[in-house]
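Enquirer:
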Amino acid sequence: LTVQVPVSEDITGNVSDALNMMTRRTAATMGEINSLAAQLEQAALAVQQQGEKVAQVAATERQVVDQALASLGQSAETMNEMAQLAASSNELADNTSTSTKRALGAVRNTVQNMNAIRNTVSETEKSIKRLGERSQEIGAIVEIIKDIAERTHTLALNAGMQAVAAGEAGRGFSVVADEVQRLAETARESTAQIATLVQSIQAESSETMATMNKTISQVVEGSELAERSGKRMRVTQKATLELVSAVQQIAERSTSLVETNEALRGQAAQLRQSTQATEQELEGQAQQTRGMFTYLQNLVAAVRVFKLPESAKVEQSVDVVATPEATPVEDAISTEKAA
């Protein structure tokens, strides 16, 4: 494209001039094509490099998403274990609350039974006390009977002595006196036995009263201990109920966390699919860019086969190409048609 045809004065001069003009225009066009191809080559190279960077970023993003999915999977397992543990703890807390309620009910029944025993023992104590009072009254009566028997025995003895002194006339009276004396002796012995029994009853009543008092003290202590145990059980029940409520809240929150984690895993899976699709699209675009870059390299190589004039001449020819006037080739063709 750097060769110029000599221009003569004959008709071929116009043709030569037209050929030279066409050569310059072609050289200018090829120069533009060469410049444009070089720019396109640089742009394609930049696009290729950018596409590779984007592909690397997409691959890195996919790795991050895969790691996030793995972490979410581990978190899901941990949260499921936490949910199961919370459910087990909730069940255990419910059982503990039920056991505490039963124990509290048993303590209440124990307190009621202890109070009933205390009331019964108190009534028994009163009865034994009344029995001791009656035994004392019986002892007093026995003493009176004993005194009467001793007096009767003394009177019978005196009557017997007087009957003996009366002789034959007092023999019948002596028999009666002996019988009265024998009865008085029997009454005295009976009163002595009764007195012994009364003393035994009084002693046993005293021992029973002491035992009953000790029993009442023990019952009172047992009642107080049962009441304190009941208070502690009520405090324990309150704490257990609070624990049950806290465990239930933990179980509910664990279930909510599991659901949230599952939702995050679903979103991460969708993001992974989207990332894979984007990566595939970027790979396709990269292949197209590499093909375009190869094509442009071939185009540049094909254009560089032509030998172009100097840049000043090319710029001048570009100005000529931009002029909308008729070319010498067109003038020559018109002249040949007129001839």
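The numbering of the sequence shown is our numbering, which starts it at 4 and goes up by one. We treat Cβ as the ideally placed atom computed from N, Cα and C, and that holds for glycine. These figures come from a predicted structure and were not determined experimentally.
Entirely within the segment 141 to 210 and at least 3 residues each: give me those beta strand (DSSP E) ranges in chain order.
Expert: Correct list: empty.
Enquirer: Specify whether the segment 280 to 300 and the segment 42 to 57 touch according to this definition: at least 3 beta carbon pairs, one from each stretch, less than 8 Å apart.
Expert: A contact exists between the segment 280 to 300 and the segment 42 to 57.
Enquirer: Tell me whether the beta-carbon of residue 100 lies closer than 8 Å to the beta-carbon of residue 278.
Expert: It is not a contact, given that the beta carbons lie outside the stated cut-off.
Enquirer: Are the CB atoms of residue 86 and residue 257 nearer to each other than 8 Å?
Expert: Contact flag set, yes.
Enquirer: Between residue 135 and residue 208, how many whole angstroms is the CB-CB distance? I'm expecting something under 8 Å.
Expert: Residue 135 to residue 208, Cβ: 4 Å. Contact.
Enquirer: Could you say which of 229, 150, 131, 270 lies nearest to residue 190 if we only look at CA atoms?
Expert: Nearest C-alpha to residue 190: 150.
Enquirer: Whose C-alpha, out of 22, 223, 287, 283, is nearest the C-alpha of residue 124?
Expert: Among 22, 223, 287, 283, the Cα nearest to that of residue 124 is on 223.
Enquirer: With distances taken between CB atoms, is the gap from residue 138 to residue 197 smaller than 8 Å?
Expert: No, Cβ-Cβ distance for residue 138 and residue 197 is not below 8 Å.
Enquirer: What's the gap between the Cα of residue 21 and the Cα of residue 36?
Expert: Rounded to the nearest angstrom, the two C-alpha atoms are 22 Å apart.
Enquirer: Using beta-carbon positions only, say whether residue 92 and residue 261 come within less than 8 Å of one another.
Expert: No; because the gap between Cβ atoms is not below 8 Å, this pair is not in contact.
Enquirer: Whole-angstrom Cβ separation of residue 152 and residue 187, contact assumed at under 8 Å?
Expert: Indeed they touch by this definition, with Cβ atoms about 5 Å apart.
Enquirer: Distance check for residue 25 and residue 314, CA to CA, integer angstroms please.
Expert: Confidence is the limiting factor: at residue 314 the pLDDT is only 46, short of 50, which leaves the residue's position unreliable, though a coordinate-based value still follows. Distance between the alpha carbons of residue 314 and residue 25 is about 17 Å.
Enquirer: Quick one: which unbroken alpha helix (DSSP H) runs of 4-plus residues sit fully inside the segment 14 to 56? Chain order, please.
Expert: Taking only runs of at least 4 residues, no alpha helix (DSSP H) segment lies wholly in the segment 14 to 56.
Enquirer: Between residue 72 and residue 275, how many whole angstroms is the CB-CB distance? I'm expecting something under 8 Å.
Expert: About 6 Å separates the two Cβ atoms, so the contact holds.
Enquirer: Buried or exposed for residue 206, going by 16 or more other Cβ atoms inside 10 Å?
Expert: Looking at its Cβ environment, which holds fewer than 16 other Cβ atoms inside 10 Å, residue 206 is exposed.
Enquirer: Measuring only the C-alpha atoms, how far is residue 219 from residue 95?
Expert: Those two C-alpha atoms are separated by around 40 Å.
Enquirer: Less than 8 Å between the CB atoms is what I'm expecting for residue 166 and residue 180, so what's the real figure, rounded?
Expert: Confirmed, Cβ separation roughly 6 Å.
Enquirer: Hey, how far is the Cα of residue 283 from the Cα of residue 56?
Expert: The alpha-carbon atoms of residue 283 and residue 56 are separated by roughly 14 Å.
Enquirer: CA-CA distance, residue 226 and residue 147?
Expert: Looking at the two C-alpha atoms, the distance is approximately 47 Å.
Enquirer: Assign residue 235 to buried or exposed, taking buried as 16 or more other Cβ atoms, counted over all protein chains shown, within 10 Å of its Cβ.
Expert: Per the 10 Å Cβ criterion, exposed.
Enquirer: Can you give the beta carbon distance from residue 178 to residue 159, rounded, assuming they're within the 8 Å contact cut?
Expert: So it is not a contact: roughly 11 Å between Cβ atoms.
Enquirer: Return the chain-ordered list of same chain residues with a C-beta closer than 7 Å to the C-beta of residue 230, the five sequence neighbours on each side being excluded.
Expert: Same-chain partners within the cutoff: 114.
Enquirer: Nearest to residue 305 by alpha carbon, out of 121, 40, 23, 128?
Expert: Here the closest residue by C-alpha is 40.
Enquirer: Between residue 107 and residue 240, which are expected to be in contact by the criterion C-beta below 8 Å, what is the C-beta distance as a whole number of angstroms?
Expert: Residue 107 to residue 240, Cβ: 6 Å. Contact.
Enquirer: Answer yes or no: does any C-beta atom of chain C fall closer than 8 Å to that of residue 207?
Expert: Of the protein chains in the structure, only one exists, and it is not chain C.
Enquirer: Given a cut-off of 8 Å, decide if residue 34 and residue 288 are closer than it, judged by their beta-carbon atoms.
Expert: No, the Cβ-Cβ distance between residue 288 and residue 34 is not below 8 Å.
Enquirer: Quick check on residue 133: buried or exposed, where buried means 16 or more other Cβ atoms within 10 Å of its Cβ?
Expert: Burial call: exposed.
Enquirer: Here's the rule: buried if 16 or more other CB atoms are within 10 angstroms of the residue's CB, otherwise exposed. What is residue 263?
Expert: The residue is exposed, with fewer than 16 neighbouring Cβ atoms inside 10 Å.
Enquirer: Return the residue from the list 65, 31, 51 that minimises the CA-CA distance to residue 271.
Expert: Looking at the Cα atoms, 65 is the closest of the given residues.
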